[in-house]
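**Q** Chains V and Y supply the protein sequences, listed in that same order. Residues 1 to 583 (the working numbering) make up the first sequence, in order. Residues 584 to 1166 (the working numbering) make up the second sequence, in order.
There are 2 protein chains.
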Amino acid sequence: MILDKVNSPGDLKCLNLEELNTLADEMREFIIKKVNATGGHMGPNLGILETTIAMHYVFNSPVDKIVFDVSHQCYPHKILTGRKEGFTNPDMYFKYTGYTAPEESEHDIFKVGHTSTSVSLACGLAKARDLKGGCENVIALIGDGSLSGGEAFEGLDNAADLASNIIIIVNDNDMSIAENHGGLYKNLKELRESKGKCECNFFKSLGFDYIYVDEGNNIQEVIKALQKVKDINHPVVVHIKTLKGHGLKQAEQNKEAFHWIVPGMLDEQQSAPTVLPEDYNSVTKEFIMKKARQDKTLVVVNPATPGVHGFDPEFRQKLGRQYVDVGIAEEHAIAFSSALAKAGAKPVLAIMTSFVQRTYDQISQDLCLNNSPLTMLVYWGGLSNADATHLGSYDISMISNIPNIVYLAPASKEEYLAMLEYSYNQTEHSVAIRVPNTELISTGKKDDTDYSILNKYKVEYEGEKIAILGLGNFFKLAQDVKDEIKTKLNIDATLINPRFITGTDDELLENLKKNHQLVITLEDGILDGGFGEKIARYYGNSDMKVLNFGGKKEFTDRVPLEELYRRYHLTKELIVDDVKNCL
Amino acid sequence: MILDKVNSPGDLKCLNLEELNTLADEMREFIIKKVNATGGHMGPNLGILETTIAMHYVFNSPVDKIVFDVSHQCYPHKILTGRKEGFTNPDMYFKYTGYTAPEESEHDIFKVGHTSTSVSLACGLAKARDLKGGCENVIALIGDGSLSGGEAFEGLDNAADLASNIIIIVNDNDMSIAENHGGLYKNLKELRESKGKCECNFFKSLGFDYIYVDEGNNIQEVIKALQKVKDINHPVVVHIKTLKGHGLKQAEQNKEAFHWIVPGMLDEQQSAPTVLPEDYNSVTKEFIMKKARQDKTLVVVNPATPGVHGFDPEFRQKLGRQYVDVGIAEEHAIAFSSALAKAGAKPVLAIMTSFVQRTYDQISQDLCLNNSPLTMLVYWGGLSNADATHLGSYDISMISNIPNIVYLAPASKEEYLAMLEYSYNQTEHSVAIRVPNTELISTGKKDDTDYSILNKYKVEYEGEKIAILGLGNFFKLAQDVKDEIKTKLNIDATLINPRFITGTDDELLENLKKNHQLVITLEDGILDGGFGEKIARYYGNSDMKVLNFGGKKEFTDRVPLEELYRRYHLTKELIVDDVKNCL
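#1: Only counting the same chain, and skipping five residues up and downstream in sequence, which positions put a Cβ closer than 6 Å to that of Trp963/Y?
#2: Using the beta-carbon count (16 or more within 10 Å), is Thr825/Y buried or exposed?
#3: Taking Cβ positions only, does Gln900/Y come closer than 7 Å to chain V?
#4: Just by C-beta distance, which residues in the region 976-997 of chain Y are closer than 8 Å to chain V?
#5: Leaving aside the five residues before and after Gly847/Y along the sequence, list all residues of the same chain whose C-beta is less than 7 Å from its C-beta, in chain order.
#6: Which residues mark the beginning and the end of the beta strand (DSSP E) in which Leu547/V is found?
#7: If you drop the 5 nearest sequence neighbours on each side, which residues of the same chain put their C-beta closer than 8 Å to that of Asp895/Y?
#8: Since Pro235/V sits in a beta bridge, which residues does DSSP pair it with?
#9: CA-CA distance, Ile1109/Y and Asn171/V?
#10: What are the partner residues of Lys648/Y, as DSSP defines its beta bridges?
#11: Could you name the residues that DSSP lists as bridge partners for Val883/Y?
#12: Anyone know if the C-beta pair for Lys819/Y and Asp797/Y falls short of 7 Å?
#13: I'd like to check one pair, Gly828/Y with Met1086/Y: are the Cβ atoms closer than 7 Å?
#14: Arg434/V and Val378/V look like a contact to me (Cβ under 8 Å); what is the Cβ gap, rounded to whole Å?
#15: Flag Phe202/V as yes if its beta-carbon sits less than 7 Å from any beta-carbon of chain Y, otherwise no.
#16: What does the alpha-carbon distance come out to for the pair Ile750/Y and Lys588/Y?
#17: Please report how far the alpha carbon of Gly247/V lies from the alpha carbon of Val559/V, in whole angstroms.
#18: From the DSSP output, in three-state form, read off Leu20/V for me.
#19: On the DSSP letters alone, give me the boundaries of the alpha helix (DSSP H) that Ala126/V sits inside.
#20: Check the Cβ of Cys1165/Y against every Cβ in chain V and list those closer than 8 Å, keeping chain order.
#21: Taking Cβ positions only, does His915/Y come closer than 7 Å to chain V?
#22: Among all the DSSP beta bridges, which residues are the ones paired with Trp843/Y?
#23: Using 7 Å as the threshold, is the C-beta distance between Phe1057/Y and Asp1107/Y below it?
#24: Tell whether a beta-carbon distance below 7 Å holds between Leu298/V and Lys346/V.
#25: Restricting to runs no shorter than 4 residues, where is the alpha helix (DSSP H) found entirely within the region 403-469 of chain V?
#26: Does DSSP put Ile631/Y in a helix, in a strand, or in coil?
#27: Give the straight-line distance between the Cα atoms of Leu574/V and Asp878/Y, rounded to the nearest whole angstrom.
#28: Using Cβ-Cβ distances below 8 Å, what residues of the region 144-162 of chain V are close to chain Y?
#29: Give the residues of chain Y in contact with Tyr451/V, contact being defined as C-beta atoms less than 9 Å apart.
#30: List in chain order: all unbroken alpha helix (DSSP H) runs of 4+ residues lying wholly within the region 760-808 of chain Y.
#31: Where does Glu540/Y land, buried or exposed, given buried means 16+ other C-beta within 10 angstroms?
#32: If we count the other Cβ atoms within 10 Å of its Cβ and call it buried at 16 or more, is Asn628/V buried or exposed?
#33: What's the C-alpha gap between Tyr1009/Y and Leu1000/Y?
#34: Starting from the C-beta of Gly155/V, find all residues in its chain whose C-beta is less than 7 Å away, skip the five residues before and the five after it, and write them out in chain order.
#35: Using a C-beta cutoff of 7 Å, does Glu533/V count as contacting chain Y?
#36: I believe Asn511/V touches Gly470/V by the beta-carbon criterion, under 8 Å. Please report the beta-carbon distance rounded to the nearest angstrom.
Next up, the structure:
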């Protein structure tokens, strides 16, 4: 096996073209096998395989610096930079992350998992090099949809101005996670069709030198192009056309489904689709479809993550012009939706917690300052075993401290539907709903709460001495804690479902003082800046004791959820221990 | 006076060209007089005057929708839309804000004050129109530097894809607040020089139809262009070359100084520059200049706001390649600086509180997750009488709940210098310093604190019963409160200068329990998600009472600071009243 001889990029340089091609085949096989076993990004890594070999053949990493955008397409890079065991040895499959990670290798410069950052980061490396008098190449590898993010443009605009070496490799596979949208992608198409020769050229307009490579999955062609730009003394874009999923038939044919796959996807037998159990995604889709049929101004807005929300191609097609995928452009998604609402349409914006972080200012200025009645659905909020780049536990602290927005945390299907209905029909507030990331919980009882009365918490059980506020995802835990307190401490605790994240129910909190001595708060997110601290502040001048339970402000990286729950005292046993110590 | 006859845009339509030109002269005179009296945006409004008249002559606002980017260039628009008294009558000078404000007029669609948002907002209006079957024109007026912001690009990319009417007017005055930077502005220059005919055209590359207007301060020429695009059925860019400060010699000649002026700037006599008193800007500049001479890898990074920091042209010139203005591109500024730091250079990033909001995700992902040792100076943090669009009171809640970053709040010149020195020399953390927005306070005593020992608060005076934590700007207030408590309550309170915003000094807080019964926190920002709540959470399970003082989570709009202090109980008298009630 050629791969046996390759332990670092330097080892590539003595291989001939035939060997490089054989190496590509070997790597492809390992990637397919590994990703199918563990789940992960399949299409992006197969598409970029040959380019990665060519990059490491031509350049001299880690002296030359390669910055991967999103870095979900770094698997071939990992194989070539001393981490092949993570792909060849099933026992090591989980040793390395799916993203670049400086702690793993000197060939990884940044920890990256969000899109559109590589050009800015490369600019910084290039500027530092120039100040220090170095002469290494600085390369940003961007593409697979991430060019549409504003940060990428800010980076390109500045990179073009650099009077020295910076090489932007655009991996153009004509795809984002789903299909691409936007004027830029039309230009890329024209460039591909004219083999880089059409009159309008986005990159040239910004002042970049430009090279087009039509066969981006042909190692020899990519090597030729990169050799031309190596040690170049000015900014250049190398536009490489690749095939997402290259070399795996299913992935080539179904690019969206194979962008990121669950384990075993290749092994699954073709069978008639079974009826899927109801979950929060299906409930959401059903609500949207029903409303969309009644009201032609309902528009679903989504920044390039339809899969997360279960917005499958059939659903999107049915919605037609009432579905807008704005591409990877979260800032635009917020401003666009705000204006839709302002103009009397009914936008429903679906966005992931980890990516809503890209829109603080837009939520504040474009949305909340204008009080646009948007319905924003925030998915995957909560502690998780995710990569450090994709944590979902910061949304409460980010969103809930912005004025005017109403951020809601439903604890059941019925509450969720009532909140959707409320948000959809009202015109007073920007409303965000934290879609539960739990299994679907149904009370079986319609929720007839009037959510227009803001910040009214629901007392689910009136007890004494201890009051438990269990927010959204953690309401179930609060119920368990209540039972545990009864068993262990023989106290009949009060159980409260706050539902409103963005404000305190002062009347209720005041009343609790009468026959309670301890309030505990449970939230599925970090404590800093979160819900519980507001309760602690409220009771600061009183005799009421307050215990806040939630996550710690830290970047956790693929830590199993059970371990996080232990670490943060988020099991009923640990919580009741803390309660005992406090009484 | 022609202006006497103009009370709404409709009144323009019966004027002939000569009358329109006279009207422009009248409006110019009023704008100059008013802005010189009150302070405000001079150059931008003089530059856009003729275009605004042409827009309202050709289009039919408020049926046709005009969205102003940043909206600091909306003064002529306000004059033409029923608010001329705000310019002609000195008693009414302060009646209207300097930005578009829907509460003032149906011709203002959004409250806007941050850049780069207009295209996205216009996209939303256009999409809503299409869903509702309307046929009005939707116009975004962008320019004066704001094209470089990522949100603008995301908007353009999506606007170009719209299959219906959207008109983007690019006001190209070759300036940002200071000079422009970046590849895009080179392209605009080529387009101006070729009168719109050069081969590379940024807007066409995105798929826009395109019209160039060389004489953007000639009403007739702009009218002709706008008449061509009125009721167009596809996306079009009208690129208009204007002269910033048009018609006011000083403003034409010194575009940067006249972008925004203080009252009376035109009246000032030419005189030899007097020696300015020392302030936090001068201290910062001196520190930077000293270090820059010693270390050629120091780079000052700034997103287009040099004036805020006192980075005058002389200072910038002296720094040469060690000064990088990235243009209005805050996201890039963070990622770029993070990479500079990672590569061993010494970035010092200067940014305004209100605009740091544009970078939550970049601070989290590009910077903190990578622990890049950046020095970030955050200016103008604190409560203020600013417009709702430019509040500086949200930075603590935004920045301090992100992991890894060390956010420092100095209370004196000496602490500030020691923190700068610490941050500059260390390589462990991303450090942000909240540059005091107070007058310079000097203790006269060098601060020799070792800031590498994180979260260590300084006990300035050891008393009993009550402990006062006065953060940064509010340390002075804490001193006053201490004295007031002595006078009114005869209690010798403990005085603490926390200095670290991002963490609690648990040892100190624990020790306070011994002989204190109340801790009060003072912070110059909103309470929600802020510093004080962390202290309240810490003491939640104890008998210690806690009172948090700070601002309320709300958009205040030009409310005098004294009123805010009263509203939030931020005077020593009101604080001591609350303390009395709590004891």
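Each residue gets a CB set at the ideal place from its N, CA and C atoms; glycine is no exception.
**A** Taking the coordinates as given:
#1: Setting aside the 5 residues that flank it on each side, Trp963/Y is surrounded in the same chain by Met935, Thr936, Gly975 and Asn1020, each with a C-beta closer than 6 Å to its C-beta; the list follows chain order.
#2: buried
#3: no
#4: Hits within the stretch, in order: Tyr977, Ser980, Met981, Ser983, Asn984, Ile985, Pro986 and Asn987.
#5: Around Gly847/Y: Asn619.
#6: Lys545 to Gly551
#7: Pro889
#8: Note: Pro235/V sits in a beta bridge opposite Ile166/V.
#9: 44 Å
#10: Val721/Y
#11: Tyr906/Y and Val931/Y, per the DSSP bridge assignment.
#12: It should be noted that the sequence gives Val, not Lys, for residue 819/Y. No, they are not a contact pair.
#13: In the sequence as presented, Met is not what sits at residue 1086/Y; that position holds Gly. The Cβ atoms of Gly1086/Y and Gly828/Y do not sit closer than 7 Å to each other.
#14: With a Cβ gap of about 5 Å, Arg434/V and Val378/V count as contacting.
#15: yes
#16: 29 Å
#17: 33 Å
#18: helix
#19: Per DSSP, Ala126/V belongs to the alpha helix (DSSP H) from Ser118 to Lys132.
#20: Asn541
#21: yes
#22: Bridge partners of Trp843/Y: His624/Y.
#23: Result yes, Cβ atoms of Phe1057/Y and Asp1107/Y sit closer than 7 Å.
#24: Yes; because the gap between Cβ atoms is below 7 Å, this pair is in contact.
#25: DSSP runs (the alpha helix (DSSP H)) wholly in the region 403-469 of chain V: 413-425.
#26: Note: Ile631/Y maps to coil in three-state DSSP.
#27: C-alpha separation (whole angstroms): 53 Å.
#28: Ser148, Gly149, Gly150, Glu151, Ala152, Phe153, Glu154, Gly155, Leu156, Asp157, Asn158, Ala159, Ala160 and Asp161
#29: The contacting residues do not exist; Tyr451/V stays about 19 Å from chain Y at best.
#30: Listed in chain order, they are 766-776 and 785-788.
#31: Here chain Y comprises residues numbered 584 to 1166, so residue 540/Y is not present and cannot be evaluated.
#32: Nothing about residue 628/V can be reported from this structure: the residues present for chain V run from 1 to 583 only.
#33: Note that residue 1009/Y is Gln in the sequence shown, not Tyr. In a straight line, the C-alpha of Gln1009/Y is about 14 Å away from that of Leu1000/Y.
#34: Cβ-Cβ distances below 7 Å link Gly155/V to Val119, Ser120 and Cys123 in the same chain, with the five nearest sequence neighbours on each side left out; the list follows chain order.
#35: yes
#36: Rounded, the Cβ-Cβ distance is 18 Å, inconsistent with contact.
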